[in-house]
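Reviewing the structure listed below.
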Amino acid sequence: MSQKALLLTAKQGEWALGTRAIPKPGPGRILIKIEAASLNPIDWKVKAYGMLIEDYPAVLGYGLAGTVAELGKGVTNFAIGDRVATSGIVGNSEYCSFQQYALGDARFTAKLPSNISFDEASSLGVSLDTPALGLFGPLNAKLTSPIDKPGAYKGQTMVILGGSATIAQFAIQLCRLAGYTNIITTASPAHDALLKSLGATHVIDRRLPTTEIIASIRSIEKGDIKVLYDAICDESTQAVGWGILAPGGHVAVSNYNIKNPGGETDTRTVECSYGSPHIPPHHEFGEKLWGAVHDWLANGTIVVRVDVVPGGLDGIVAGLDRLKAGKASGIKLVVRPQDTA
Ligand SMILES: NC(=O)c1ccc[n+]([C@@H]2O[C@H](COP(=O)([O-])OP(=O)(O)OC[C@H]3O[C@@H](n4cnc5c(N)ncnc54)[C@H](OP(=O)(O)O)[C@@H]3O)[C@@H](O)[C@H]2O)c1
């Protein structure tokens, strides 16, 4: 049996609609008929910079939602027809979402409550994994997870730079669950109401001069800022981050190769998390995270906003161009692979 797939034909090559065999789920895996797939910056970056993937043609796409079509051996917590969401695996086309069927690892797959559409759920994937692992996973800021202890940070302040980015919207919601009293973020003023509805307590205009952003943050939190999250990592967010982080503090970032400008004597640390539950050090945390998703969605603890790009898999290239041009503001773009002509 074959399916339609959008293929990246070669390293830094062209996109092409093609066909691929529908994979068979092995032990612990499920086959998912993909109803919605999210578009993420990594998808255009892999093509533009030739990074992360060596085997081509390759399928990309790291957030998906759909129905369970087949169960692998030993899978007991899902049934055929269940509505689910999961994240893809970079470099393993069978698990990626720019096609009509993909495998899911049952450990990192969530059943969906009826209040959530496939379009919305497809935006979880890498966008949820990345801030959750960066803030609460085992290899980065290592904060106490709200899954283990909701409300642990009552009375404390978290700064999340770039609040309207999808990963930051999830970071804000996770930090609300973690109990932070102040959740300060930077964003375009148009996103003020949205970000406050997610849990931000203060939204500072991201285009103010760095000194003014720093002064605003300082006027809210006069004590040491020991940890912060930078979802953007451009010059402007880094200038703010390093400008407010206390000695010995830590910044969890979303992009690699971010350095402490203070040099070797500076006691502050920076780390980028690989936003995937699929690597062994992330397995335990990833399983807990995806185990929490159903109830978080059902009770409105996490919400998402999406914009559906028409054309099924054919819509992906235009959608990625829009992302690359910075024209997806505060919203996750998604496609519906089954709508492919
Ligand atoms: N390490 C990993 O595994 C991993 C995983 C996922 C993502 N990432 C990276 O994380 C970053 C964010 O990803 P995403 O999917 O969340 O992106 P996204 O949703 O596409 O981000 C777009 C948003 O970023 C905002 N923004 C851009 N520059 C900003 C700035 N200087 N200050 C504040 N906000 C700014 C834009 O705000 P406006 O509305 O104001 O234009 C827009 O709403 C990307 O660089 C991505 O590659 C890394």
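So for the sequence shown, our numbering puts the first residue at 986; every next one is plus one. Even for Gly, the Cβ is constructed at its ideal location relative to N, Cα and C. Please read these numbers as outputs of a predicted model, since none were measured by experiment.
- Inclusion of D1219 in the 8 Å shell around ligand 1 follows from its C-beta lying nearer than that to a non-hydrogen atom of the ligand.
- If the five residues before and after D1104 are omitted, its C-beta is found closer than 6 Å to the C-beta atoms of A1021, V1291, V1293 and V1319, all from its own chain and listed in chain order.
- For P1232, the uninterrupted beta strand (DSSP E) run begins and ends at L1230 to V1238, by DSSP.
- Secondary structure remark: continuous beta strand (DSSP E) runs of at least 3 residues inside the segment 1039 to 1094, in chain order: 1049 to 1056, 1068 to 1071 and 1086 to 1090.
- Taking 8 Å as the cut-off, one finds at least one heavy atom of ligand 1 near enough to the beta carbon of P1026.
- Not one heavy atom of ligand 1 falls within 8 Å of the beta-carbon of G1076.
- The beta carbon of C1257 is closer than 7 Å to those of V1238, S1239, N1240, Y1241 and I1243 in its chain, skipping five residues each way along the sequence.
- The Cβ neighbour count for D1209, taken over all protein chains shown within 10 Å, is under 16; the residue is labelled exposed.
- Contact between L992 and A1043 holds: CB atoms are separated by about 7 Å, below the 8 Å threshold.
- Taking 4 residues as the minimum length, the alpha helix (DSSP H) runs contained wholly in the segment 1112 to 1199 are 1151 to 1162 and 1177 to 1183, in order along the chain.
- Nearest in C-alpha terms to A1070, of all of G1057, D1114 and G1315, is D1114.
- With 16 or more neighbouring CB atoms inside 10 Å of its own CB, E1079 falls in the buried class.
- Using a Cβ distance threshold of 9 Å, R1191 and T1222 count as a contacting pair.
- The nearest non-hydrogen atom of ligand 1 is 8 Å or more from the C-beta of H1268.
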